[in-house]
C-alpha cells in the first residue's frame, strides 16, 4: 500500500469516526493507480529490495570490452507463445546486438519443466557465455541451471530463481516486472470499473509453483481486502494449462453459472483472460467487468472496442529484456550487479491504451487495435 493511500485512508477513517458514521472507507482508485507508475511494490524471489532498471549503465569503454570478447548468448524461455515473451526476446536481441553478443539459440519450453531441462542441456552443448532464462518450475529445473553455472555460464534470470542457486556465485541477477504492483493495479482498475456500488467478483489464478503469478494473485486479493469493502470475492479457481485459454473458459463458465449475479472476473494474465472473454460472450454477460495483467493484442482489441476488459496492469517486457542483456554484460565484465532489478507497473485502460502499447513494445499499436478504437 502506498504512503498516499495509507494517509488518505487514515484521514477518511478519522473523519467518519468523528461524524459518527459507519460507512466503510473505500480507496480512491485513480490516486492509487497514479502512484503505481513511480513505485515498485515487489520484493525479489528471496526477499531482495528492488533496484530500478533505470540505474543500470554500461559505459562506451565497457561496451567495447564486451564486444572484444566475441561472446554468445542463449535465451531459454518458459513459454514463447505470447506478446510478452516475444517482446522480451526482442529487447534482449536489441541490447545484445548493441554489445556485440551473438544470440545462438532461443528455446520455448511450452510451460513444461522437462522440456526446459532438455533445452538447457541442448544449449549447454553449444557452450554459450550467457544464458537468460525464466524457470518454468524452479525446483524441477534447479539442477540443470546449477550445471550451467558450474560450467561457467553467466546466468541472468527473468522473474524467478531456482532454489539452491546463490546470487553473485551461480547467477548474476534476476529482473522482474513489478508483478505485485500489477496485481494491485488490476484490483484498483476493477474497483474503478465497478464504481461505488462495488459488487461480487471471481478470480482465475495460476495453479502452479510460479513466483510471479502468485505475487499477482496475492496482491489482487490483498488490495481488495484492504481497500474495497464494497467488493466481495465469491469464487476462485486455478488453472494449470497448457491450454490456459480453454481452461479459463471452462472455469469462468462454471463461475457464471454458479454465480449469476457475478459482476466481474480477474484473470491472472491476458491469455486466460481471453478464455474469460469467451465465457462471458457465451453467457450473454455483456455487463461483466474483466481485469487482468499483461498487454496482449487480443485483450487490447477487446478493450479498444469497449468490451469486457476495462483495465489491466502491463509489464514493460522490451525494457526488461534490455535490462537483462545489460546485466549479462555486467557478468562478463565481472562488474558488481544488484541482486534484484525491477520495472514499475503500468496501469492501462482504454484512455491510455495506444500510448501504453508504445511504452510496452516500443512500436505503435497494431492496425487491429487502432481500427478497434471507438
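In full-length UniProt numbering, the protein residues as written are 1 to 374. Note that the Cβ used here is the ideal one computed from N, Cα and C, for glycine as well.
Could you pull the start and end residues of the beta strand (DSSP E) that residue i belongs to?
| i | result |
| --- | --- |
| residue 266 | 264 to 267 |
| residue 108 | 102 to 108 |
| residue 347 | 346 to 348 |
| residue 237 | 231 to 239 |
| residue 289 | 289 to 293 |
| residue 314 | 309 to 314 |
By Cβ distance, which residues of its chain are closer than 7 Å to residue i, with the 5 residues on each side in sequence left out?
| i | result |
| --- | --- |
| residue 348 | 295, 311, 312, 314 and 356 |
| residue 304 | 350, 353, 369, 372 and 373 |
| residue 361 | 87 and 318 |
| residue 148 | 120, 124, 131 and 155 |
Quick check on the burial criterion: 16 or more other C-beta atoms within 10 angstroms. Buried or exposed for residue i?
| i | result |
| --- | --- |
| residue 38 | exposed |
| residue 91 | buried |
| residue 364 | exposed |
| residue 274 | buried |
| residue 282 | exposed |
| residue 367 | exposed |
| residue 187 | buried |
| residue 163 | exposed |
| residue 57 | exposed |
| residue 55 | exposed |
| residue 68 | exposed |
| residue 166 | exposed |
| residue 126 | exposed |
| residue 183 | buried |
| residue 192 | buried |
| residue 257 | exposed |
Using CA coordinates, which residue listed in the options is at the minimum distance from residue i?
| i | options | result |
| --- | --- | --- |
| residue 129 | 201, 142, 153 and 115 | 153 |
| residue 170 | 151, 373, 177 and 176 | 151 |
| residue 306 | 277, 186, 316 and 330 | 277 |
| residue 41 | 290, 331 and 222 | 222 |
| residue 289 | 262, 106 and 301 | 262 |
| residue 107 | 197, 94, 124 and 178 | 124 |
| residue 199 | 255, 257, 207 and 264 | 264 |
| residue 100 | 332, 209 and 110 | 332 |
Who are the Cβ neighbours of residue i in its own chain at under 6 Å, not counting the five residues just before and after it?
| i | result |
| --- | --- |
| residue 444 | Only positions 1 to 374 of the chain appear in the structure, and residue 444 is not among them; the question remains open. |
| residue 340 | 44, 48, 50 and 174 |
| residue 238 | 205 and 207 |
| residue 249 | 275, 278 and 279 |
Between which two residues does the alpha helix (DSSP H) carrying residue i extend?
| i | result |
| --- | --- |
| residue 325 | 317 to 333 |
| residue 271 | 270 to 282 |
| residue 98 | 83 to 98 |
| residue 255 | 244 to 258 |
| residue 25 | No alpha helix (DSSP H) contains residue 25, which DSSP labels as neither H nor E. |
| residue 371 | 367 to 372 |
| residue 300 | 297 to 304 |
Quick one: what's got a C-beta closer than 8 Å to residue i's C-beta in the same chain, skipping five residues either side?
| i | result |
| --- | --- |
| residue 158 | 88, 132, 133, 134, 174, 175, 176, 320 and 324 |
| residue 358 | 364 and 365 |
| residue 113 | 136, 137, 140 and 141 |
| residue 96 | 73, 102, 103, 325 and 328 |
Scan the segment 163 to 224 and note each continuous alpha helix (DSSP H) run of 4 residues or more that stays entirely inside, going in chain order.
The qualifying runs are 179 to 194.
Entirely within the segment 31 to 77 and at least 4 residues each: give me those alpha helix (DSSP H) ranges in chain order.
Restricted to the segment 31 to 77, the alpha helix (DSSP H) segments that are unbroken, complete and at least 4 residues in length are 60 to 69, listed in chain order.
Return the chain-ordered ranges of every alpha helix (DSSP H) run that is complete within the segment 102 to 154 and spans a minimum of 4 residues.
Correct list: 113 to 124 and 138 to 150.
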